[in-house]
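Q: In the UniProt record's numbering, the protein residues as written are 1 to 265.
(1) For residue 7, does the count of other Cβ atoms within 10 angstroms reach 16, so buried, or fall short, so exposed?
(2) Specify the secondary structure class of residue 238 as computed by DSSP and reduced to three states.
(3) Residue 184 to residue 65, Cα distance in whole Å?
(4) Is residue 129 near the ligand FAD, in the sense that its beta carbon is under 8 Å from a heavy atom of that ligand?
(5) Give me the Cα-Cα distance between residue 20 and residue 53, rounded to the nearest whole angstrom.
(6) Going by C-alpha distance, which of 15, 162, 203 is nearest residue 45?
(7) Would you kindly work out how many angstroms separate the C-alpha atoms of residue 214 and residue 30, rounded to a whole number?
(8) For residue 170, which residues in the same chain have their Cβ closer than 7 Å to its Cβ, ignoring the five residues on either side in sequence?
(9) Could you check how far apart the C-beta atoms of residue 99 and residue 62 are, in whole angstroms? I think they sit under 8 Å.
(10) Taking buried to mean at least 16 other C-beta atoms within 10 Å of its own C-beta, is residue 140 buried or exposed?
(11) Residues in the same chain with beta-carbon distance under 6 Å from residue 39, minus the five sequence neighbours each way, listed in chain order, please.
(12) From residue 193 to residue 59, what does the alpha carbon distance come to, in whole angstroms?
(13) From residue 42 to residue 32, what does the alpha carbon distance come to, in whole angstroms?
(14) Considering only residues of the same chain and omitting the five flanking positions on each side of residue 110, which have a CB-CB separation below 8 Å?
(15) Inspect the beta-carbon positions of residue 221 and residue 25 and report whether they are closer than 9 Å.
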């Protein structure tokens, strides 16, 4: 027992005990400060990495949106071209209808001429020959008109067919590009969201660990000061609550085992 020791030896033991206690407390504070700084650095690194990944995902999203806008513009241009082709076809149909009307009129006039020719045959061969020549001339004109009409219809039908094929190919290509861009964008967004979610989870775990470390450090400091102040002659040593700024401690197997041993003693 300390009371059985000589006064000089008891004082020396008190001084050594107080010195060792101060060194231990100082060492624990330094270790805790280092652990807290390391944990805060990890939180900052994870937060910064998550922010960079989020910014990268936002840039990629903006690029994908621009690509989709370009594809939509190209689709609108192709639709406008198809609309123009359709208008040309409608105009061709109108001209075809006009030609048909003219053809019907020519046929009607031809029928009337034939009727008049039958009536004029009585006027002599000369008049008949004259009418025959007129009929041949008009028939040639009618044949030319029918041929031009047939050629026009064939040409516009071929142009329309080619325009439809080109439009179908353009629409298929734009749809494929749109689907590919959308799939890539969704994958990048999922990756960025997963990274941000992991960063938030890690940050929450680290914050909880820091709070636990600080609480354990306060308990350990109080326990150490309580052990020292309990010795005779150490009543002037400050209590754990007055020990100044409190730092958090690192939870390791060694510190946990040491805490349990001190509580058991």
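Positions of the beta carbon are idealized from the N, C-alpha and C atoms, including for glycine.
A: So, to answer that:
(1) exposed
(2) With a pLDDT of only 44 at residue 238, under the threshold of 50, the placement of this residue in the model should not be trusted, and no figure is reported.
(3) 12 Å
(4) In the structure shown, the ligand FAD is absent, as is every other ligand, since no ligand is present at all.
(5) 49 Å
(6) 203
(7) 13 Å
(8) 78
(9) Not really, about 55 Å apart at Cβ, beyond 8 Å.
(10) exposed
(11) 206, 210
(12) 14 Å
(13) 15 Å
(14) 135, 138, 139, 142
(15) yes
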